[in-house]
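All residue numbers for the sequence shown refer to the numbering used here, where the first residue is 439 and numbers rise by one.
Idealized CB from N, CA, C, for every residue including glycine.
Owing to the predicted nature of the structure, the values given are computational and were not obtained by experimental measurement.
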Amino acid sequence: MAASKSLLDSLKKPEPTNFRMTDFRRELHLRHKREEHAKKEKLRALQESKYVSRYAITIDTSRARSNCDVLRMSIKELGFKEYPFGRKDNCCDVHWHACHFEENPEVFGGKVNKFPGMSEICSKMTLFRCLDIMRDLFPTDYDFYPRTWYLPAQFHEFSCEIRKMHERRVKPKPTFIIKPDTGAQGDGIYLLREPNEYSSLSGKCHVAQEYMSNVYLIDKFKFDFRIYVLLKSLEPLEFYICQEGLARFSTLPYENPTNKNIHESFMHLTNYSLNKRSSTFNRSDRDDEGSKRTLTSVLRRIAMNGHDSNKVWKSIERIVCKTIVAIVPEMKVEYQAAIPPGKTGPSCFQVLGFDILLLQNLKPILLEINASPSLSLDSEQEVSPGVFEYVLSPKDEEVKYPLIRDTLLHVVPIDKLKYFRKKKKQRLLKKLKASTSQKGKRPDPPVKQRTSIVIIKADESDEEKREVNVTQQMSEMHMDVDSHGDGTARDVNSDDERESNIKSDTELDEEVDNYFETKLRESCLKQLYPAIYDEECERYRILERVAGLFIFFLGIRGSLRIGPTGFRTFARKCRLNRKGMTNASVDIMYIDLQRRWDHMNPERTSGKKGNGLCYQGFLDACIEIARRKFYAPTKIEMLENLVDHCELNLNLRDNDLANNLPRLHFRRLGLQYRQGSMYAMPRRVIDQMTEETTIEDLLKAHEKKLRQPSREDIEAFLRKSRRMIYQPSSGSRVISVTKSPDSE
Ligand code: ADP
């Protein structure tokens, strides 16, 4: 009883106050600690975010998919910071995505590796249409791709052509290749010899092309080149070619097409994705062997066979330039639709893959452009029958890794990169000085000294540890220390030398500049435009001016089609009625062309992109108006006359109008943009120019105008439009008028 009572008492007894207090204090202490920790974390995150946005080059790889491996290698090598899940707090410097531009609406800044509408522009129909327009204007220059028909719209023309060829008994019997408009990797491709073999049952659009049967063979196999091109910017136009690429071989020895072998895809198609399934696919790791080889090894082989491989490469470069110049007007139209002036958006760059076939006479032929060329580094290998394994492919690595590394180096904000490297070096040099002076003794011999630097680096704060490429920077640090020519580390303990290691700002700037200059010089990417082919391509860029007019008259910002009112306004403002174009004829032309282009592009019907006339239809209209009302001996001259007329009537000297238009069109071919004013020489004055005309005469011709152009304006105009040659003679410059090369 007593025991149970004492138990009851003990139960009633209140808990010892000191225990409750300790518990409470501990709780309080813990909470305090947690808050402190949260604060610290927040501060650290803030610092990191500041640090990152100030110094580090950030790359968003959240959607890079199969490009991830090669990207990571490059990011690591360059010491950039990768965001594998994207960045919430800020925009990354570069967004590398394996999907189309349109699939990333949430990217508002930095650079993105896709141009708007590029997949559509690189589809076979649009690409070859762009090239056809150029071939129409420059027949001898655009002869580097097979004749093409667009099916089903041009089925009638296609079958007529085959019939004609049969009637002429063309030898060898003509063969055609049918390819789905948006197909890839050889999907849906077949060869045919009779038009009735074409099947339109799928309802898809196709291109039919002349099959190039007289191809250059190596070891009896057909092959094609994959050439990589970096389109760095559209305005101003700048692009690079990668000096290494791939050659993809078919896996059955090639024979001219016959009714028997016409279905042998391993013989006629060279796609890697297709041929890797062939039992005869050769996976040799040697550069100059196997079903996939490096471009340079094949060029070497061509040279060994006694041909001029440099000439082949130059022709390939020219094809790249002409093709890009042909698609730029379409790209500009798409760009303004996706990122209209005034809207914030990322700037774009893109790596393109050009497929090029070599004919027996070593003439390169363009087959297609790939908007998303494969950048994966692994290839499939059959480990046992039917079982495949992915292994790293050394040839892909050799080509794609430098391509992506140098692409990143070209597109990241270089000032940030330089600043980042400079700060890093300053800090490392300071630490080096501090550590050596603290020890107060001569450092160990060279090798040990290197070790001490490693320790310094390893001891750095977390913030610094986050830098991806510690080892690389250490090695650069070594380079700084032993950059004395003999390759050995130097004794940095002597006071003078230590002082000299703490370099001045300008010295560091210079060093960093030199570092990047060397890096870019050693790059596998060679600038084609503007560095090499600027002059040569100038004449092909007339269509960009037409695209400028189209963009100008688009009613709704960001639209891709011009409505009937826009087209009528175009005719009115450009005073086409003065040339005899009535309102009725303008309306009829509009309806006619709109219908024709909707029929030509059934997969891009008007409903999808808004009603109206697409850019190619507008271009057709301009060509038609030029032919009717601006007659000249050549098509290009007619078009040039029309565009000159339109630009002058739009009074492009008026800033409001001028600023709405892409400046480039007016800088090119004769209009000078300077300090917000544009100068366009009236056609009347151009027409009156003779061999004897001097700049003074031209200045006089303007005297009654309100805005008198300066001498420089006129000089710039003449130089740009290639209408003169300077002949410095006694006292005054004499102009001799030369015909523009287009009109020859
Ligand atoms: P895809 O986009 O499906 O790869 P391509 O246009 O690249 O289509 O064609 C696939 C392959 O077909 C090419 O790699 C090439 O070997 C062959 N080929 C394509 N067009 C022609 C042609 N006009 N003449 C000869 N071979 C061609």
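If distances are taken between C-alpha atoms only, which option among the options comes closest to residue i?
| i | options | result |
| --- | --- | --- |
| L1057 | N634, R1016, R983 | R983 |
| T696 | R631, I754, D581 | R631 |
| V766 | E648, Q788, V750 | Q788 |
| S688 | L795, C643, L737 | L795 |
| S747 | R464, P802, R1066, S637 | P802 |
| L830 | G824, L963, E818, H706 | E818 |
| S671 | T845, Y628, L655 | T845 |
| F539 | P1002, R1006, S557 | S557 |
| L733 | L1031, S753, C680 | C680 |
| M769 | D570, L575, T564 | T564 |
| D1025 | I1000, K861, T944 | I1000 |
| E515 | R724, P840, L790 | P840 |
| V849 | K480, A536, V550 | V550 |
| S640 | I497, L589, I852 | L589 |
| V825 | R715, W751, K471 | R715 |
| P851 | Y493, L466, D1082, K861 | Y493 |
| Q798 | F659, P823, I1152, Y678 | F659 |
| D581 | H1083, R1033, I700, F566 | F566 |
| K957 | K861, P1147, L847, R1066 | L847 |
| S638 | L466, Q592, I656 | Q592 |
| L655 | N743, G524, L569, D570 | N743 |
Would the beta-carbon of residue i fall within 9 Å of that of residue j?
| i | j | result |
| --- | --- | --- |
| L690 | G624 | no |
| I994 | I1074 | no |
| E955 | V508 | no |
| I842 | L813 | yes |
| G1055 | G1004 | no |
| L804 | I740 | no |
| R731 | A776 | no |
| L668 | L946 | no |
| P811 | Y666 | yes |
| G728 | K833 | yes |
| K526 | T496 | no |
| A1059 | L1031 | yes |
Can you list, in chain order, the residues of its chain with a C-beta nearer than 6 Å to that of residue i? Leave out the 5 residues immediately preceding and following it.
| i | result |
| --- | --- |
| D726 | S735 |
| R859 | V950 |
| Y971 | C759 |
| C975 | C759, V763 |
| Q1013 | The sequence shown places Arg at residue 1013, not Gln. Once the five neighbours on either side are set aside, the close Cβ partners of R1013 are N1087. |
| P618 | G626, K642, H644 |
| T620 | S561 |
| V545 | H533, P784 |
| F1068 | M1076, N1079, L1080 |
| I600 | P633 |
Roughly how many whole angstroms lie between the Cα atoms of residue i and residue j?
| i | j | result |
| --- | --- | --- |
| A483 | K477 | 10 Å |
| M1116 | Q864 | The predicted model places M1116 with a pLDDT of 42, which falls under 50 and marks its position as unreliable, so this point remains unresolved. |
| Y967 | E702 | 40 Å |
| H706 | V653 | 10 Å |
| A1139 | T1132 | 11 Å |
| P1002 | F1008 | 10 Å |
| G780 | C529 | 19 Å |
| F704 | Y692 | 9 Å |
| T675 | K749 | Position check: residue 675 holds Leu in this sequence, whereas Thr was assumed. So the two alpha carbons sit approximately 25 Å from each other. |
| S597 | R1149 | 58 Å |
| D531 | Y953 | 21 Å |
| R1033 | M1027 | 10 Å |
| V919 | E479 | For V919, the predicted structure reports a pLDDT of 34, less than 50, and the residue's modelled location is therefore unreliable. A value from the coordinates is still provided. Straight-line Cα distance between these residues: approximately 36 Å. |
Within a Cβ cutoff of 7 Å, which residues of the same chain sit near residue i, ignoring the five residues on either side of it in sequence?
| i | result |
| --- | --- |
| V771 | A985, F988, I989, L998, Y1053 |
| S651 | P610, T613, N694, P695 |
| K698 | none |
| P522 | T499, S500 |
| A1070 | M1076, N1079 |
| N505 | W534, A536, L813 |
| P778 | R995, G996 |
With 9 Å as the threshold, decide whether the Cβ of residue i is near any Cβ in chain C.
| i | result |
| --- | --- |
| C643 | No chain C appears in this structure, which consists of one protein chain only. |
Excluding the five sequence neighbours on either side, which residues of its own chain have a C-beta within less than 8 Å of the C-beta of residue i, listed in chain order?
| i | result |
| --- | --- |
| Y828 | D816, S817, E818, Q819 |
| L481 | none |
Write down every uninterrupted run of the beta strand (DSSP E) in the segment 662–705 whose length is 3 residues or greater and which is fully enclosed by it, in chain order. With a minimum length of 3 residues, the continuous beta strand (DSSP E) runs that stay inside the segment 662–705 are 676–680, 684–687.
Let me know the alpha helix (DSSP H) ranges lying completely inside the segment 996–1074, each 4 residues or longer, listed in chain order. DSSP runs (the alpha helix (DSSP H)) wholly in the segment 996–1074: 1002–1011, 1021–1038, 1044–1047, 1053–1067.
Jot down the residue ranges of each uninterrupted beta strand (DSSP E) in the segment 487–539, minimum 3 residues, whole runs only, in chain order. As summarised for the segment 487–539, the continuous beta strand (DSSP E) elements at least 3 residues long and confined to that stretch are 496–498, 519–521, given in chain order.
Let me know the beta strand (DSSP E) ranges lying completely inside the segment 628–662, each 3 residues or longer, listed in chain order. Counting only runs of 3 or more, we get 628–630, 644–648.
For the segment 811–836, list the beta strand (DSSP E) runs that are entirely contained and at least 3 residues long, ordered along the chain. Here the runs fully enclosed are 816–822, 825–830.
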